[in-house]
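Protein chains in written order, with this note's numbering: chain C, 639 to 929; chain D, 315 to 573; chain F, 271 to 567; chain G, 215 to 467; chain X, 215 to 467. Even for Gly, the Cβ is constructed at its ideal location relative to N, Cα and C. Taking it in order: structure first as structure tokens, then the write-up.
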Amino acid sequence: MSVSVPSLQRRRNFLQKIVFNVFCLAALINGLALFIIVYFMIANGWKAINWTFLTQPPVDSMTKGGILPCIVGTLCLSIGAILIAMPIGVASAIYLNEYARPGRLIRVIKLGINNLAGVPSIVFGLFGLAVFVVWLKMGVSIIAGSLTLGAMTLPVMIGSTEEALRAVPDTYREASLGLGATKWQTIYRVVLPTALPGILTGTILGISRAAGETAPIMFTAAVFFTPSLPVSIFDEVMALPYHIYVLATAGTEIEATRHLQYGTALVLIFLVLGMNLIAIIYRSRLRKRMQ
Amino acid sequence: LFFITTNSAQAGNLVIKGSTTVLPIAQKVVEAYMKENPDVKISLSGGGSSNGIKALVDGNTDIATTSRFIKDKEVKLAVGKNVFPVPFAIAYDSIIPVVHPSNNINNLTLDQLKAIYKGEIKNWKEVGGPDLQIVINSRDTSSGTFETWEKKVMKKERITPRAQVMASNGAIVQAVSNNKYAIGYIGIGYLSPGVKALRVNGIEGTEETTLNGSFPISRPLFMFTNGWPKGDTLNFINYVINPQKGQNHVADSGYVRLY
Amino acid sequence: MSNKRRITERTMHTLFFVVASASIVMLFMIMIFLFMEGIPIFDEVSVKDFIFGKYWYPTSEPPDFGILSLIVASLAVTLLSALISIPLGILTAIYIAEIASKKVSEIIKPMVELLAALPSVVIGFFGMVLVAPFLQNVFDIPTGLNLFNASLMLAFMSVPTICSLSEDAIHSVPNSLREASLALGATHLETILKVVLPASLSGISTAVILGMSRAIGETMVVLMVAGGAAFIPESIFDPVRPMPASIASEMAEAPFRSAHYHALFATGIVLFIFTFLFNIVADHIAYKYKQVGEATL
Amino acid sequence: MDKSVKIEVKHLNFYYGNFKALEDITLDFYANEVLSLIGPSGCGKSTFLRCLNRMNDLISISRVEGNILLDGLDIYDPSVDVVMLRSRIGMVFQKPNPFPKTIFENVAYGLRVNGIKDKGLIENRVEESLKLAAIWNEVKDRMHESALGLSGGQQQRLCIARALAVEPEILLMDEPCSALDPIATQKIEELIHQLKKSFTIIIVTHNMQQAARVSDITAFFYMGKLIEVGKTNTIFTRPNLKQTEDYITGRFG
Amino acid sequence: MDKSVKIEVKHLNFYYGNFKALEDITLDFYANEVLSLIGPSGCGKSTFLRCLNRMNDLISISRVEGNILLDGLDIYDPSVDVVMLRSRIGMVFQKPNPFPKTIFENVAYGLRVNGIKDKGLIENRVEESLKLAAIWNEVKDRMHESALGLSGGQQQRLCIARALAVEPEILLMDEPCSALDPIATQKIEELIHQLKKSFTIIIVTHNMQQAARVSDITAFFYMGKLIEVGKTNTIFTRPNLKQTEDYITGRFG
Ligand SMILES: Nc1ncnc2c1ncn2[C@@H]1O[C@H](COP(=O)(O)OP(=O)(O)OP(=O)(O)O)[C@@H](O)[C@H]1O
Ligand SMILES: Nc1ncnc2c1ncn2[C@@H]1O[C@H](COP(=O)(O)OP(=O)(O)OP(=O)(O)O)[C@@H](O)[C@H]1O
Ligand SMILES: [Mg+2]
Ligand SMILES: [Mg+2]
């Protein structure tokens, strides 16, 4: 007895074709979404971008001039954030993954860290305001903003480092220990070099996330207008995301500065997507080389 | 290391915070002032009048700009921290109700405005306009503009929760200019061709009606300093209220000069 | 010499322990501070009135601190955005993991990752200046800054999370199950629907929950496009004021340590608890069903 | 037993990209016989097996040359419906791979996807197949528990039952016992003896003794080539070629 | 050849959590002999091997009872320095696992971590070890290329060289040829013959023929117990126990 009849077969194949097209459509929508956003930003913003825009401070009630202080501010903040988050994050991940004995406590701690990775960025903003700005009297400053962004990227950093460490085959550790290396020697000479690509991609993604965040720096680092560049870590700064936000909602000449808003958004997108692209390319390169 | 306190009042460094209403003035003046005194570094942020006062009390700013006078509570808080706020009126402002240019309404009474913002009047035709739902735009609850509106129009009654809340005057201009249903209120400095200004009780909000007090929704704008200002702060305040300098910028930004 | 090695070993161990503890302490401090600054509001209003109070008039005299409408708004935007992002995310994940050729999926996957990288302020800006007027014109509605717009923009933000985590889950279904199904004469579609998806269900649920958790906590988007009206919405085109928007727009203006300030931190606590619950559930599912799919011998 | 040819493989070449994994294989399979494929790791046994039910189609870089005729029809002909083909040729894998479903659903799966809806029919077939796979007694009281709760040997017999339920004509087995303990292995070998009455069976194994025990014909593969094929008795006692002898006596591999 | 006892294992029990993986093992290893451990999958061969250099310490749920004496000293004594112990006992794994470093650095690794800084000394030792592992000729011109570019068999010999470089007294090998092709396997077996002049070697293998070829002593494990141990010749021709015979003749496994 034959289990299937041709007509049923045809129906099954037909159904499959239709459903697969739906799946494909969904994927297309995603690509389209990215394309539309980037397209509109470029179409409206590229005219605003020129040498002056990138190298001058804003003038005439921010309706003219450039966004140099914002670019510098964003770079300061995100680099500051990663300088804080990376060493602490990597060290913590090493402890959790390599030294700590797995057990209930470690599981709870990891769960806690995971949770903090999901905490809304605005809550980190509140934390930064309460602790760094007010309690530690740093005021609204690069350092307060970097610490806040650092705290926000820390769980992400720990997570990506842990993943990179887990991806190092145990056989490497065993081989090293089997040769009479101590734990630290094993970590330093074998585990870390092997995990480095993963850690670096995590770091780049961390920087790009910090660069694009607005909510945490709203109360801790960013100001509406300060045309001169920062000279100390206790200075307030302008920042690209916050600049877009204020120009678009709280600015004094919203319509007149529209092209500047697009331009700023475009610069931010280039900055962030650029870093991500570097991370993606770098990761796939290293993966290939590792194999 | 982290405990080094930042003294924002260090030489050549001036921090100004507060009302978004005052921002257009402050920004013009700041730019002009910095052109004359290139060694002075000024940072300016909005955020709201309360925010400005708070920053002044916390020592995070040299000048707090406000669109209302300081409150008793705030004075107490300040004095408790050994901060003594000194007010300087720098300009006058009228708060003008605005609608979409296509709206045929030209005038509303204070009572009508109140009824609209309480949510009692829901359609433009109830006040003689087109048969359209009214979309109410209001400001953040702690902005000076809002407080003035609340005091002078709402007479302490509550604005309907259905009102959209905008973070700035500019946002209201934008929202109203794009929306034929909308009503909003903005500082006189933000009037633009995109929106239609309404008369209140038959009186048009102008420099003249503001100065002579006949326009019912107006207020002075302030800068507060901690104690009598010194150094750069003093210079800056002097610059702002100088009729040949700062006050010209006040007029440029559409506000009403002191004299 | 061996002594020196032993000392180094000890030192490094201690050092890592100290740093790890410090970072954990710091992370837990976030919670503590949040609670320290938020709890005092309950001297003014009861927990019940705070959470179930319908009116949010933090600056009136006397003030009202009821965040029900903010909570409802947060949930509404999250759910509506989930309705968009869940199908889109999962379908795309299936497409990438199961159907697309290697070349195509190598293009689409980074695209999804890049979508995740778009700064939220850019998406908010996009929603505000382009989508809002568009919606207003197309649907002839009073305002384009509303629940629907916010949900749409939030969906942009959670699709990448849902998609890439689901893709991982689907990818980790052992090939042996696929082969078993195909060898029995099932079509590719039947294999996906009846074997692959059930086996990766826990991973997909985790992805969905984490995506929703990202949406509920997202600030800039709701701040810029949700409209900001603090009442319980009746239609998807009503403006709303989700919790993060309220915190972000009012915090700068709330007098330090005033009731309003404490109320905003308390709102932060509520928000934190929501995301915390989401994460706990996700972790629970991931942990409990970790073994599903792999025949254990 | 009639010696009718079930499958004819003619000059089969198989490539993974540029790598030629199978070279010019010509081999016939007879109905109701057990043929075992032996050879060192990586010689192409699994690849060959997976050519027979076109499982290799899933590997995008693969390419087939030559013909495989099932009852005289070329299975690589474009008009052939792969899905149908696969339901005529059952397959059992190296590691037991039951679906994470109940025992009942595992066996019913093939019937359901083939469009059978009749409940009674499905139940009958499930029971029959489980009996045929000699696992009915062990699972009849726990039909609706998860199949993942079974032991390795039980899982493997379940997988066999699952394959039998769709009533294939041919059963391909790729090292079906390599993950199992001796007792489970023995049961499966007995089962193969039973099944050969109704099916044509092709089994890949690493274990020479197993090949000797279960199969009628043995084919020795080495580096992608079919070195020698013949009656199992002959191959294990008097192989024609030195290579075969070396392998069987454990000189390499 | 002097028959001095190198390692004594006395009543060793080993637990993974509650699961007893090894039960009451007592076994002696003699210097300069090759001992092979055989037995079906999961019987505890690897576990036993890893007890000898305390690699199982890494598994948090594990527990050891009984004694293992290396040259008369208990290696599980708290005063023993595990790191030192492991540099006395080299280990080679089932799958070749060179570090993602250059060939030279792979072999030099053990020396460096043991604090040797003298460049000349390191170079000499690396060369020596590579020669000993019979891979020097194949790699001498590419010492500073990545070790991952070597073939599987070369990688495995590199891993052996790496283990030899720290001059261990004992070499543990856990199925060192199972991932290799016949030719590579043959090379490694020859190597083991060479090395046994200077080391005590313990090798785990699945391949009975291999055990027969390389070892002096064979120990048969089954389900965590040591069933039988004796001269390889004896075990393979006249085993004492039925179980051993069944396994060796391929009756199961
Ligand atoms: N998907 C694939 N892509 C590329 N090469 C492959 C693939 N699968 C198998 N090969 C290669 O084809 C050759 C034959 O592999 P196959 O799996 O058929 O061997 P086998 O005889 O089954 O070995 P084993 O006994 O180890 O299962 C091997 O060299 C293998 O590396
Ligand atoms: N880390 C572990 N945790 C728990 N149980 C384990 C662990 N490692 C091994 N076991 C169990 O201990 C038993 C012995 O395992 P072991 O790896 O020593 O077997 P083996 O003889 O080396 O098998 P094979 O030939 O497959 O390598 C097995 O039942 C295995 O499931
Ligand atoms: Mg195979
Ligand atoms: Mg083993």
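Residue side-chain check: Glu-449/F keeps its Cβ at 8 Å or more from all non-hydrogen atoms of ligand 3. Close to Ile-356/D, with beta-carbon spacing below 9 Å, are these residues of chain C in chain order: Phe-863, Thr-864, Pro-865, Ser-866. Taken in chain order, the complete beta strand (DSSP E) segments of 3 or more residues contained in the segment 404 to 481 of chain F number zero; there are none. Closer than 9 Å at the C-beta level to chain F, one finds these residues of the segment 300 to 314 of chain G: Arg-300, Ser-301, Arg-302, Ile-303, Gly-304, Met-305, Val-306, Phe-307, Gln-308, Lys-309, Pro-310, Asn-311, Pro-312, Phe-313, Pro-314.
Counting only Cβ-Cβ distances below 9 Å, Tyr-883/C has contacts in chain F at Val-391, Gly-394, Phe-395, Met-490, Leu-493, Met-494, in chain order. Within its own chain, the residues whose Cβ lies closer than 7 Å to the Cβ of Ile-364/F, once the five positions on either side in sequence are excluded, are Ile-440, Ile-462, listed in chain order. Residue state for Glu-279/X is assigned as strand, using DSSP reduced to three classes.
Per DSSP, the beta-bridge partners of Ser-250/G are Ile-417/G, Thr-432/G. The way I'd put it, the segment 430 to 440 of chain F does touch the segment 356 to 375 of chain F; three or more beta-carbon pairs between them come closer than 8 Å. Ranked by how close their Cα comes to the Cα of Arg-326/X, the residues His-420/X, Ala-425/X, Ala-379/X, Leu-299/X have Ala-379/X in first place. By the rule that beta-carbons nearer than 9 Å mark a contact, Tyr-290/X does not touch chain C. A check of alpha carbon separations from Thr-459/D across Ala-485/D, Ser-357/D, Gly-501/D, Val-509/D identifies Gly-501/D as the nearest.
Within the segment 312 to 382 of chain F, complete alpha helix (DSSP H) segments of at least 4 residues are found at 317 to 322, 338 to 364, given in chain order. Any Cβ of chain F closer than 9 Å to the Cβ of Ser-429/G would place that residue at the interface, and such an atom is absent. For Gly-481/F, none of the residues of chain C pass the 9 Å Cβ criterion, the least Cβ distance being about 11 Å. Using beta-carbon distances, Arg-739/C counts as an interface residue toward chain X, with a partner under 9 Å.
Per DSSP, the beta-bridge partners of Met-305/X are Leu-386/X. Distances from the alpha-carbon of Asn-374/D to those of Lys-469/D, Lys-387/D, Ser-359/D put Ser-359/D closest. By DSSP's assignment, Phe-228/G forms a beta bridge with Leu-236/G, Val-278/G. Within chain G, Val-327 have C-beta atoms less than 7 Å from the C-beta of Glu-460/F, given in sequence order. For the 9 Å CB-CB criterion, Thr-448/G and Ser-429/G do not form a contact.
Taking a 10 Å sphere around the C-beta of Gln-408/X, we find fewer than 16 other C-beta atoms and assign the residue as exposed. Not a single C-beta of chain C is nearer than 9 Å to the C-beta of Ala-352/F.
Taking C-alpha positions only, Ala-245/X is separated from Phe-413/X by approximately 7 Å. Ranked by how close their Cα comes to the Cα of Ile-239/X, the residues Cys-265/X, Ala-348/X, Val-321/X have Cys-265/X in first place. Exclusion of the five residues before and after Tyr-229/G leaves Ala-235, Ser-276, Arg-277 as the residues of its chain whose Cβ lies within less than 7 Å of its Cβ. Distance check between Glu-247/X and each of Cys-391/X, Gly-444/X, Leu-455/X places Gly-444/X closest, using alpha-carbon atoms only. Residue state for Lys-401/X is assigned as helix, using DSSP reduced to three classes.
For Val-219/G, the three-state secondary structure derived from DSSP is strand. The segment 436 to 445 of chain D makes no contact with the segment 502 to 509 of chain F; the number of CB pairs closer than 8 Å stays below 3. Leu-297/F sits away from Pro-835/C, with the two beta carbons spaced by 9 Å or more. Contacts with chain F at 9 Å (Cβ-Cβ) do not include Lys-926/C.
DSSP, read as helix, strand or coil, puts Arg-376/G in helix. Sequence-ordered contacts of the segment 790 to 802 of chain C with chain X are nonexistent [C-beta pairs closer than 7 Å]. The three-state secondary structure of Pro-793/C, taken from DSSP, is helix. Assigned with DSSP and collapsed to three states, Ala-859/C falls in coil, not helix or strand.
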